[in-house]
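What follows is a short report on a single structure.
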Amino acid sequence: MSVKNEQEWFNKFYEGTFLIKGWKDRMKEILRAAHPENKEEMRKSLDSLGEKIGREWAKDNSVRRIDTAMMKQWGEELIAAKGKGADALNENIDKIDAQVNKILS
21 MSVKNEQEWF NKFYEGTFLI KGWKDRMKEI LRAAHPENKE EMRKSLDSLG
71 EKIGREWAKD NSVRRIDTAM MKQWGEELIA AKGKGADALN ENIDKIDAQV
121 NKILS
């Protein structure tokens with residue numbers, strides 16, 4: 021897959037499509053549950069996490085280590101954690117980040 025194709029897929033991940041919300045909109049939803057004093061830190065964590073997930077997912081299927089099923093699972097976990105409050109959400113972001121780092125190492 022060309023770098024151009026990877027960038028196009030990353031943009032779809034980040035911006036979404038007509039039918040699917042992208043990472044940017046998901047972040048907005050998630051950040052509503054953040055404590056005001058921690059919102060900027062959480063935004064940075066989510067930005068970093070999204071960059072790692074999206075860049076890997078955008079690669080050709082034959083080489084990528086993060087697939088759509090993983091992203092769906094993590095998305096469901098983040099939404100569930102959001103409903104439990106800011107502390108649970110922070111813990112879940114850290115957990116997913118650790119999983120992603122392990123997959124990418």
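So the number in our numbering is just where the residue sits in the sequence shown, counting from 1, plus 20.
The beta carbon of each residue, even a glycine, is placed where N, CA and C say it ideally should be.
Tell me whether residue i sits in a helix, a strand or coil according to DSSP, three-state version.
{"i": "GLY105", "result": "coil"}
{"i": "LYS41", "result": "strand"}
What distance in whole Å lies between the Cβ atoms of residue j and residue i, which are believed to be in contact at a cut-off of 8 Å?
{"i": "LEU51", "j": "LYS44", "result": "Actually they do not touch by this definition, with Cβ atoms about 11 Å apart."}
{"i": "GLU35", "j": "GLY42", "result": "4 Å"}
What does a CB cutoff of less than 7 Å around residue i pick up in its chain, not counting 5 residues either side in sequence?
{"i": "ALA78", "result": "GLU26, TRP29, PHE30 and PHE33"}
{"i": "LEU124", "result": "LYS72, GLU76 and ARG85"}
{"i": "GLU97", "result": "ASN112 and ILE116"}
{"i": "PRO56", "result": "none"}
Which same chain residues end up closer than 6 Å to residue i when comparing Cβ atoms and leaving out the 5 residues on each side of it in sequence?
{"i": "ASP117", "result": "LEU69"}
{"i": "LEU109", "result": "ALA53, ALA101 and LYS102"}
{"i": "MET47", "result": "LEU66"}
Please classify residue i as buried or exposed, where buried requires at least 16 other C-beta atoms within 10 Å of its C-beta.
{"i": "GLY74", "result": "buried"}
{"i": "LEU39", "result": "exposed"}
{"i": "VAL83", "result": "exposed"}
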